[in-house]
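> Please read through the structure below; I'll follow up with questions.
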Amino acid sequence: MSKVGEVIKERRLAKGMSKRALAEKAGISHSEVHRIENGERQNPSVPMLIALADALGIPQDDILILAGYKTDGESTPLIERVFPDLKTPKQQETAQKIVDGLSRNSDLKDSQYDELVRQVEMYLDYAKKNPDT
Numbered sequence: 274m275s276k277v278g279e280v281i282k283e284r285r286l287a288k289g290m291s292k293r294a295l296a297e298k299a300g301i302s303h304s305e306v307h308r309i310e311n312g313e314r315q316n317p318s319v320p321m322l323i324a325l326a327d328a329l330g331i332p333q334d335d336i337l338i339l340a341g342y343k344t345d346g347e348s349t350p351l352i353e354r355v356f357p358d359l360k361t362p363k364q365q366e367t368a369q370k371i372v373d374g375l376s377r378n379s380d381l382k383d384s385q386y387d388e389l390v391r392q393v394e395m396y397l398d399y400a401k402k403n404p405d406t
């Protein structure tokens, strides 16, 4: 079992949660929770770890350090590591606001997330065609 998996399992059990309950709260499959806890998933993605950390009340930095995505005292913001192609502060700030909004609204239905993606893509297409707006 990986150290990340051990911590996730310990915190889940301490909260009296089943794997299914954690998976639902984090928005991932219960089989993925099982694989992470048992060390079968060696490198869970950053967004997955953040979702699990949020669902369990674990500080995001703690779980990312434990997983090796971040070192203690690292000064590079997470958004820059997850989205390295975003170069300007405004791009990074916008991405952070979107991520924060999604994190605060993790109870949306899949269809609502689909609509959100559709709306963002539609606006991006519009913005590319109309750069002066």
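For the sequence shown, the positions run 274 to 406 when this note's numbering is used.
By construction, the Cβ of each residue, glycine as well, lies at the ideal position given by its N, Cα and C atoms.
1. Alpha carbon to alpha carbon, what distance is there between P404 and V306?
2. P332 and A326 look like a contact to me (Cβ under 8 Å); what is the Cβ gap, rounded to whole Å?
3. Could you tell me which whole alpha helix (DSSP H) segments of length 4 or greater appear in the region 322-394?
4. Check the C-beta distance from K301 over to G278 and give it rounded, since I have them as a contact under 8 Å.
5. Helix, strand or coil for K288? Go by DSSP, reduced to three states.
6. Helix, strand or coil: how does DSSP classify I281 here?
Reading it off the structure:
1. 43 Å
2. 7 Å
3. 333-339, 351-355 and 362-377
4. Here the sequence assigns Ile to residue 301, which means Lys is not the residue at that position. Contact doesn't hold; Cβ gap of about 14 Å is too wide.
5. coil
6. helix
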